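Undergrad: Numbering (our numbering), first residue to last: 31 to 273.
Please read through the structure below; I'll follow up with questions.
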């Protein structure tokens, strides 16, 4: 089992990791997330089976983190580990499978881990077809700064340049480790191919017209530069916009 621990207190993370390893030395324990945003980033990359979240954390609190984990459809069981009992109702509203009060004892952790195992078994019963129809809401991009999380709804279009694919937003262009074809298949409801190297966010289109060379182009919200529509995709684009 892969377990992520998020707490702004390093000693609390170390203690939980130590007890978990005492329970089962085969656990993979990720214990360097000091706030909710770091926890969410690691969850999107590592896809742990279980996330142990403190509630009061800087940048993004545990409740917000749990909400984002649920939206990302990671099938990660969420458990809150906190010194405060007043958040229990909110925790279970965020689909937590358990709520632990600090300091957590080994026996209580063992009970929680059994719940986490049952959660994982129930998730395995979900068919692959159902999983395939649930699109991601975020993309991850690796750079020298670390891992950048991009909200899918912020992407205006995807552009391929040789073997590189970029996600273009109103503020910047970010390289992705994904193929244009895979993005086209996964996000067919949101994006449409208008050129062999471009997928456009349908909801951002303001205008379709012709440039001085007679080529069709789209004008979209958020950027000034028009995007060329290849001849083979013109009819399908118009059909898609009418539907």
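Each residue gets a CB set at the ideal place from its N, CA and C atoms; glycine is no exception.
Everything numeric in this text was worked out from a predicted model, so none of it was measured.
Mind checking residue 86: buried by the 16 CB within 10 Å criterion, or exposed?
TA: Classification of residue 86: exposed, given that the 10 Å Cβ count is below 16.
Undergrad: What's the call for residue 61, buried or exposed, on a 16-neighbour Cβ count within 10 Å?
TA: Residue 61 is buried by the Cβ-count criterion.
Undergrad: Under three-state DSSP, which class holds residue 225?
TA: Three-state DSSP puts residue 225 in a strand.
Undergrad: To the nearest angstrom, how far is it from the Cα of residue 157 to the Cα of residue 241?
TA: Annotation note: pLDDT 42 at residue 157 (below 50); position unreliable, no value reported.
Undergrad: Taking residue 204 and residue 186 to be in contact with their CB atoms under 8 Å, please state how far apart those CB atoms are, rounded to whole angstroms.
TA: Going by Cβ atoms, the distance from residue 204 to residue 186 rounds to 12 Å, so no, they are not a contact pair.
Undergrad: So what's residue 92 in DSSP terms, helix, strand or just coil?
TA: The answer is helix: DSSP assigns residue 92 an H, G or I state.
Undergrad: Answer with buried or exposed for residue 209, where buried requires no fewer than 16 other C-beta atoms within 10 angstroms of its C-beta.
TA: Burial call: exposed.
Undergrad: Put residue 271 into one of helix, strand or coil per three-state DSSP.
TA: Here residue 271 sits in helix by DSSP.
Undergrad: Report yes or no: do three or more beta-carbon pairs, one from the region 74-90 and one from the region 108-115, lie closer than 8 Å?
TA: A contact exists between the region 74-90 and the region 108-115.
Undergrad: Assign residue 128 to one of two classes, buried (16 or more other C-beta atoms within 10 Å of its C-beta) or exposed (fewer than that).
TA: With 16 or more other Cβ atoms within 10 Å, it is buried.
Undergrad: Helix, strand or coil for residue 247 per DSSP?
TA: Reduced to three states, the DSSP call for residue 247 is strand.
Undergrad: Would you mind listing the alpha helix (DSSP H) stretches within the region 177-228 that are 4+ residues and don't spill past its ends, in chain order?
TA: Counting whole runs of 4 or more residues, the region 177-228 contains the alpha helix (DSSP H) stretches 210-216.
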